[in-house]
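Asker: So the sequence lines, in the order shown, correspond to chains X and L.
Under my numbering, the first sequence is numbered contiguously, ending at residue 543.
Under my numbering, the second sequence is numbered contiguously, ending at residue 595.
From the three backbone atoms N, C-alpha and C, an ideal C-beta is built for every residue, glycine too.
Before anything else, here's the structure in question.
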Amino acid sequence: MSRALQKYLDQVILYANRKEKESVKIRAELEDHLRQKTADLAARGVPREDAVFGAIEDHGTARTVGYGLRKGFALLDVRTEGTARGFVAIGPRAVGIIAFGNVAVGLFAFGNIALGALAFGALAIAGLLSLGGISLAPLGAAVGLAAVGQGAFGMIACGGLAVGLQVPWAIDGVSLLSGENGLQFLQHFQTHEGTVALVAITAWLFLMFPIMNGVMCSIKRNEYLRIKKADPKLVE
Amino acid sequence: MPIWVLSGRRNMTRLSKQTLDGNVETLILAVLESGPSYGYAIVKELNERAEGILQLGEGTIYPVLYRLEEKKLIAARWRLAENGRQRKYYRLISKGHKALATNRRQWQMLSAAMGKVLGSAENLLPQPQVKGATI
Numbered sequence: 308m309s310r311a312l313q314k315y316l317d318q319v320i321l322y323a324n325r326k327e328k329e330s331v332k333i334r335a336e337l338e339d340h341l342r343q344k345t346a347d348l349a350a351r352g353v354p355r356e357d358a359v360f361g362a363i364e365d366h367g368t369a370r371t372v373g374y375g376l377r378k379g380f381a382l383l384d385v386r387t388e389g390t391a392r393g394f395v396a397i398g399p400r401a402v403g404i405i406a407f408g409n410v411a412v413g414l415f416a417f418g419n420i421a422l423g424a425l426a427f428g429a430l431a432i433a434g435l436l437s438l439g440g441i442s443l444a445p446l447g448a449a450v451g452l453a454a455v456g457q458g459a460f461g462m463i464a465c466g467g468l469a470v471g472l473q474v475p476w477a478i479d480g481v482s483l484l485s486g487e488n489g490l491q492f493l494q495h496f497q498t499h500e501g502t503v504a505l506v507a508i509t510a511w512l513f514l515m516f517p518i519m520n521g522v523m524c525s526i527k528r529n530e531y532l533r534i535k536k537a538d539p540k541l542v543e
Numbered sequence: 461m462p463i464w465v466l467s468g469r470r471n472m473t474r475l476s477k478q479t480l481d482g483n484v485e486t487l488i489l490a491v492l493e494s495g496p497s498y499g500y501a502i503v504k505e506l507n508e509r510a511e512g513i514l515q516l517g518e519g520t521i522y523p524v525l526y527r528l529e530e531k532k533l534i535a536a537r538w539r540l541a542e543n544g545r546q547r548k549y550y551r552l553i554s555k556g557h558k559a560l561a562t563n564r565r566q567w568q569m570l571s572a573a574m575g576k577v578l579g580s581a582e583n584l585l586p587q588p589q590v591k592g593a594t595i
């Protein structure tokens, strides 16, 4: 068996990230396929070495094939292309309980575009709490440059309880929907306990984003090291 | 005997993943309808039946096969092949037959409707080549 084929299969199995027993069977099946394809090409007059590379090329890149072979919904799915699906999902697009990605959908979603119960991102849309550049939380609290929600805090804030900054063009402290004026709302926190609670909640909100991003970076690094350890050329 | 060629690479449009997603399952079920088969043979059969219009990455068929197996539309068994190696054979089972019948009906309806609205797909099919000219 050609070394090139073996190496390709190693890479596919590496990206597939399945249990040992499953990997053995998947590998056997793919190997059978590639052997047959190589033999077919060789029978058509293609030189043996070209036939091997032709078979590999027709099969698809190791990363695409390997990612395709991953479990439908894993405990942890980290990938650099396509959609990651898992309890913790990290990818360009991610769907999971905790999702990180350019587009992230999850109970906790972190991304450029994030959708979830709690969403953090450039465009964050959430049921309970959204934190981001443009932040929408129709049922909960939204914090961002532009925030729309039942409780909305931002330069431009619109909601049941809307609190905006003192800039000329902002909708400042004005409730556009039913509810009280934002400044009136803040008066609830003028007691010592109220202030402490407000500071604690705000601190938690703003700390959560870097903490979760730290967790994501750590997981991504582990995946990077796993692949690098198996085949350094794959991460060059 | 006419030589069948593609009507020009520029005229070929790569089908998007979204267009193919889900439909590859139906195509595989259709191939397996004619009897048990294995990965490589399924790919070959698909390419032959599609007359080169569908160019699937051969490795992408396996995730679909495993998904069909999980959905219990097909069953798989390892058997000894003629080359002396173990080979995984897939076959359609009753739930798969029903799914194929449903999908086929839906596709025929959709295809008829799309054809009427968008026009025939005749110009996408390979043209017979005559010496010095393409019909």
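1) Below 9 Å between beta carbons is the criterion; list the residues of the segment 540-554 of chain L that meet it against any residue of chain X, in chain order.
2) Return the CA-CA distance between L532/X and D538/X, expressed in angstroms with no decimal places.
3) With three or more C-beta pairs closer than 8 Å as the rule, is the segment 391-399 of chain X touching the segment 332-350 of chain X?
4) Mind checking the segment 321-334 of chain X against chain L and listing, in chain order, the residues whose C-beta falls within less than 9 Å of any C-beta there?
5) What residues in the segment 481-492 of chain L bring their beta carbon closer than 7 Å to a beta carbon of chain X?
6) Kindly indicate the opening and closing residues of the beta strand (DSSP E) around A490/L.
7) Go ahead and label K548/L buried or exposed: buried means 16 or more other beta carbons lie within 10 angstroms of its beta carbon, across all protein chains shown.
8) Using Cβ-Cβ distances below 7 Å, what residues of the segment 509-520 of chain L are close to chain X?
9) What does the alpha-carbon distance come out to for the pair I441/X and M519/X?
10) Is G398/X close to chain L? Criterion is C-beta to C-beta, closer than 9 Å.
11) Would you report the Cα separation of T368/X and V522/X, rounded to the nearest angstrom?
12) With 9 Å set as the bound, which would you pick, yes or no: does the beta-carbon of T371/X sit closer than that to a beta-carbon of chain L?
13) Under DSSP, the alpha helix (DSSP H) around D365/X begins and ends at which residues?
14) Run down chain X in chain order and give the residues with a C-beta less than 7 Å from the C-beta of P523/L.
15) What does DSSP give as the partner residue(s) for V402/X in the beta ladder?
16) Out of E356/X, S437/X and V402/X, state which residue places its alpha-carbon closest to the alpha-carbon of G384/X.
Answerer: Considering the structure as presented:
1) A541, N543, R545, Q546, R547 and K548
2) 10 Å
3) no
4) Result list: K332 and I333.
5) none
6) Segment N483 to E493 is the alpha helix (DSSP H) holding A490/L; no beta strand (DSSP E) there.
7) Buried, because 16 or more other Cβ atoms sit within 10 Å of the Cβ of K548/L.
8) G517, E518, G519 and T520
9) 20 Å
10) It does not: the Cβ of G398/X has no partner Cβ on chain L nearer than 9 Å.
11) Looking at the backbone, the Cα of T368/X and that of V522/X are separated by about 29 Å.
12) yes
13) R355 to H366
14) Result: G375 and L376.
15) The bridge partners DSSP lists for V402/X are R392/X and V412/X.
16) Strictly speaking, residue 384/X in this sequence is Asp, with Gly absent from that position. With distances taken between Cα atoms, D384/X lies closest to V402/X.
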